[in-house]
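Student: So for the sequence shown, my numbering puts the first residue at 414; every next one is plus one.
Backbone N, C-alpha and C fix where the C-beta goes; we use that ideal spot for every residue, glycine too.
Got a structure here, written out as structure tokens. Questions coming.
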Amino acid sequence: MGDSNWNLATYYLNAKIRDSAFIYFNKAHKAFIKNNNKKEAGKILYGMAKIKGFYRDYTGSEILLIEAIKIFKELNNYESLKNSYNYLGLLQLDINEHDRALKYFQKSIENYNKTNKKYYPAFFNNIGNAYYNGGQYKKAIESYNKDLNNNNINITQYATLLDNRANCKLDLGDTTEIKKDFFRSLKIRDSLKIMPGVLMSYLRLAKYYTFLKDTTTAINYSKKANDLAKELKNGRDYLASLQQLADLQPKNSKKYLDRYIQFNDSLISEERRAQNKFTRIEFETDEHIEQNKLLSQQRIWIFSGSLAVLLISTLLYFLRVQKVQNEKLQLEAEQQKANEEVYVLTLQQQAKLEEERVNERNRISAELHDGILGKLFGTRVSLGFLGMQMQPDTQEQHQTFLDELQNIEKEIRDVSHRLSENFDDATVNFTTIIEQLLKDKSVIGNFKPTFTFDATIAWKSIDEVTKANVYRIIQEALQNIIKHAQAKNVTLDFGLKNQNLLITITDDGVGFDSKKGKKGIGIKNIKARVDKLSGSANFFSKIDQGTTLTIKIPYIPKNAA
414 MGDSNWNLAT
424 YYLNAKIRDS
434 AFIYFNKAHK
444 AFIKNNNKKE
454 AGKILYGMAK
464 IKGFYRDYTG
474 SEILLIEAIK
484 IFKELNNYES
494 LKNSYNYLGL
504 LQLDINEHDR
514 ALKYFQKSIE
524 NYNKTNKKYY
534 PAFFNNIGNA
544 YYNGGQYKKA
554 IESYNKDLNN
564 NNINITQYAT
574 LLDNRANCKL
584 DLGDTTEIKK
594 DFFRSLKIRD
604 SLKIMPGVLM
614 SYLRLAKYYT
624 FLKDTTTAIN
634 YSKKANDLAK
644 ELKNGRDYLA
654 SLQQLADLQP
664 KNSKKYLDRY
674 IQFNDSLISE
684 ERRAQNKFTR
694 IEFETDEHIE
704 QNKLLSQQRI
714 WIFSGSLAVL
724 LISTLLYFLR
734 VQKVQNEKLQ
744 LEAEQQKANE
754 EVYVLTLQQQ
764 AKLEEERVNE
774 RNRISAELHD
784 GILGKLFGTR
794 VSLGFLGMQM
804 QPDTQEQHQT
814 FLDELQNIEK
824 EIRDVSHRLS
834 ENFDDATVNF
844 TTIIEQLLKD
854 KSVIGNFKPT
864 FTFDATIAWK
874 SIDEVTKANV
884 YRIIQEALQN
894 IIKHAQAKNV
904 TLDFGLKNQN
914 LLITITDDGV
924 GFDSKKGKKG
934 IGIKNIKARV
944 DKLSGSANFF
954 SKIDQGTTLT
964 IKIPYIPKNA
974 A
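Below, the structure written as structure tokens:
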């Protein structure tokens with residue numbers, strides 16, 4: 414009975430009729446449990462978990478997987494343990510639990526190593542995805558390379574790894590050979606008719622050409638992705654293509670965003686219907702319904718007890734989550750403090766190096782002026798007296814040499830003055846470091862930088878923590894411009910007004926509707942740092958008219974505090 418139901422479940426699953434597949438999986442599971450066939454019962458639980466995961470019922474899927482893992486551990490079924498932990502990791506990636514995903518992927522590898530299998534399942538691709546989703550791009554690339562350097566991976570895995578590595582490099586701003594990797598991956602997938610892979614390649618190529626500011630080509634690939642996603646009925650990537658098209662075509666963005674919202678709502682409704690149906694399938698057997706009719710009072714007690722347990726469990730869960738959250742916040746605070754200390758040390762070191770450079774220029778200038786120039790002058794004077802003793806026919810040539818020496822003295826004096834110009838003292842300004850930051854970012858973002866500042870700002874008397882935060886704020890703002898603005902010109906200005914330090918950053922990029930607000934991580938980070946300095950940050954922007962960020966921070970030099 415269990416085998417026949419399993420076969421029916423497999424048939425419906427291959428036909429993508431997942432609700433029917435779940436019904437027969439559930440029947441097969443009950444049959445295998447009744448016959449004490451734990452091995453097959455565990456495999457059925459794994460299949461049911463994957464169906465729930467498809468409909469984003471993450472909690473339900475995880476519960477089934479954990480139940481299956483208990484069975485597989487008891488049976489030492491390492492192959493099934495490998496698959497179960499791997500799918501647990503994939504579920505964690507979907508809910509952005511990157512650390513837990515890495516833990517489960519590692520357990521999957523440990524169980525794979527116990528199977529003595531010769532095939533290679535490319536574990537490090539999933540590990541790389543976990544690092545990528547967590548923003549650790551360099552670690553992600555290292556993981557992808559581990560699989561790419563393994564000769565046992567198949568051609569399909571190879572195409573996926575090439576695509577993932579190129580995408581990760583793109584997010585780092587490293588475009589070295591990524592175009593070749595993107596198209597090589599697409600060619601492999603297209604030749605093998607791996608259409609979900611082709612769809613992903615289209616999305617990645619649209620992202621790549623967006624980065625290159627080749628909007629026409631980017632739109633072309635986004636539309637290809639949109640059409641293929643509809644054909645494959647791939648909801649996730651269909652939504653991704655709509656988001657890309659909305660970003661690439663501001664004039665038509667409302668149309669695409671409306672489609673996005675409408676489709677996303679229908680997708681969520683479908684998932685909820687499926688989740689509710691699965692719950693009924695699991696719990697509403699004929700026997701259970703009959704018991705509810707005959708033992709209504711017992712049902713009330715069971716319900717009350719379950720509710721009490723649920724409330725207690727929810728409370729315990731909330732307390733646990735709160736504890737974990739508090740620990741996480743504490744760690745983040747410690748990490749932020751450590752990062753600030755590192756930035757302070759970095760700024761101090763940069764200032765020290767600049768100061769040493771200035772001192773060395775002044776020393777060379779002084780040496781030229783006071784040492785070498787003095788010796789030349791003395792030599793010229795001595796030669797002048799010597800010329801009086803020469804014959805008239807050689808005195809003219811002698812005078813020519815003296816004039817040349819005097820010209821050399823003048824050239825050395827000019828070099829000395831230029832070296833010491835604007836470096837009368839060894840004071841190095843914080844603006845030097847900021848100017849270098851702006852220049853470095855302009856190379857990455859391909860924009861023209863302009864930097865102006867009020868020379869009366871006493872940076873040397875402002876504490877290092879404030880300067881470190883100002884540095885990080887400007888760094889974050891410039892990074893946002895590089896990622897989103899597509900600007901050609903960026904202006905940074907430092908000013909003083911009413912005992913406030915004013916920082917103004919202006920770009921001529923694509924802009925956004927500031928009335929609707931923008932809640933990206935970069936903007937949140939900027940406002941958090943400004944709040945820490947008891948300041949304020951305001952964004953002024955319009956579509957296609959650029960953006961101006963104005964930051965006001967209390968100006969309190971150390972000697973005035």
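Under three-state DSSP, which class holds residue 905?
Tutor: strand
Student: Is residue 502 closer than 8 Å to residue 518 when the C-beta atoms are compared?
Tutor: yes
Student: Tell me whether the region 944-958 and the region 904-911 touch, counting them as touching only if at least three CB pairs, one residue from each stretch, are closer than 8 Å.
Tutor: Taking a cut-off of 8 Å on C-beta distances, the region 944-958 does not touch the region 904-911, as fewer than three cross pairs fall below it.
Student: Going by CA-CA distance only, name the one from 612, 672, 546 and 504 that's closest to residue 573.
Tutor: 612
Student: How many angstroms separate the CA atom of residue 652 from the CA atom of residue 913?
Tutor: Going from the Cα of residue 652 to the Cα of residue 913 covers about 45 Å.
Student: Below 7 Å CB to CB, which residues in the same chain sit around residue 540 once its five sequence neighbours on both sides are set aside?
Tutor: 515, 518 and 556
Student: Under 8 Å, with one C-beta from each stretch per pair, do the region 878-889 and the region 935-954 reach the 3-pair mark?
Tutor: yes
Student: Entirely within the region 444-530 and at least 4 residues each: give me those alpha helix (DSSP H) ranges in chain order.
Tutor: 451-467, 471-488, 491-507 and 511-525
Student: Given residue 597, which residues of its chain have a CB within under 8 Å of its CB, disregarding the five upstream and five downstream residues?
Tutor: 572 and 575
Student: Are the Cβ atoms of residue 621 and residue 591 separated by less than 8 Å?
Tutor: Contact flag set, yes.
Student: Going by CA-CA distance only, name the one from 492, 434 and 882 that's closest to residue 425.
Tutor: Ranking 492, 434 and 882 by Cα distance to residue 425 puts 434 first.
Student: When the Cα of residue 628 is compared with those of 609, 663 and 648, which residue comes out closest?
Tutor: Of 609, 663 and 648, the residue nearest in Cα terms is 663.
Student: Among 520, 547, 473 and 477, whose alpha-carbon lies nearest the alpha-carbon of residue 371?
Tutor: Because the chain spans 414 through 974 in this model, residue 371 falls outside it and cannot be assessed.
Student: For the region 587-612, which segments carrying the alpha helix (DSSP H) assignment without a break, of at least 4 residues, lie completely within its bounds, in sequence order?
Tutor: Qualifying alpha helix (DSSP H) stretches, in chain order: 591-604.
Student: Within the continuous beta strand (DSSP E) that includes residue 873, where are the two ends?
Tutor: Per DSSP, residue 873 belongs to no beta strand (DSSP E) and is neither H nor E.
Student: Pull the bridge partners of residue 913 from the DSSP assignment, please.
Tutor: 910 and 967
Student: Can you have a look at residue 900 and say buried or exposed, based on whether 16 or more other CB atoms are within 10 angstroms of its CB?
Tutor: buried
Student: Do residue 583 and residue 543 have their C-beta atoms closer together than 8 Å?
Tutor: Not in contact: residue 583 and residue 543 (Cβ atoms no closer than 8 Å).
Student: Just to check my reading of the structure: residue 419 and residue 464 have Cβ atoms closer than 8 Å, yes? What is that Cβ distance to the nearest angstrom?
Tutor: Between residue 464 and residue 419 the Cβ distance is about 14 Å, and since that is not below 8 Å, they are no contact.
Student: According to the Cβ coordinates, are residue 962 and residue 881 closer than 8 Å?
Tutor: no
Student: At what residues does the beta strand (DSSP E) containing residue 866 begin and finish?
Tutor: 861-866 is the span of the beta strand (DSSP E), which, as asked, contains residue 866.
Student: Which residues share a DSSP beta bridge with residue 952?
Tutor: According to DSSP, which records beta bridges pairwise, residue 952 is partnered with 962.
Student: Have a look at residue 605 and residue 715 and give me their C-alpha separation to the nearest angstrom.
Tutor: 55 Å
Student: Which residues does DSSP pair with residue 920 in a beta bridge?
Tutor: Here residue 920 is bridged, per DSSP, to 903 and 960.
Student: Going residue by residue through the region 599-675, where are the continuous alpha helix (DSSP H) segments of at least 4 residues, counting only ones entirely within it?
Tutor: 608-624, 628-645 and 648-661
Student: How about the region 522-530 and the region 557-565: do they share at least three Cβ pairs that are nearer than 8 Å?
Tutor: no
Student: So, are the CB atoms of residue 631 and residue 661 less than 8 Å apart?
Tutor: yes
Student: The alpha helix (DSSP H) that contains residue 421, what's its start and end?
Tutor: Note, residue 421: alpha helix (DSSP H), 415-427.
Student: So what does DSSP say about residue 837, is it helix, strand or coil?
Tutor: No answer about residue 837 holds up, because its pLDDT of 41 lies below 50 and its placement is not dependable.
Student: How far does the alpha helix (DSSP H) with residue 570 in it reach, from first residue to last?
Tutor: 568-585
Student: If I'm right that residue 452 touches residue 499 with Cβ under 8 Å, what's the distance once you round it to whole angstroms?
Tutor: About 19 Å separates the two Cβ atoms, so there is no contact after all.
Student: Excluding the five sequence neighbours on either side, which residues of its own chain have a C-beta within less than 8 Å of the C-beta of residue 871, listed in chain order?
Tutor: 970
Student: Which same chain residues, not among the five before or five after residue 851, have their C-beta less than 6 Å away from its C-beta?
Tutor: 862, 864 and 905
Student: Would residue 673 pass as a contact of residue 656 if the rule is Cβ separation under 8 Å?
Tutor: It is a contact, given that the beta carbons lie within the stated cut-off.
Student: Keeping to the same chain, check which residues put their C-beta closer than 6 Å to that of residue 636; ignore five residues upstream and five downstream.
Tutor: Cβ within range, chain order: n/a, list empty.
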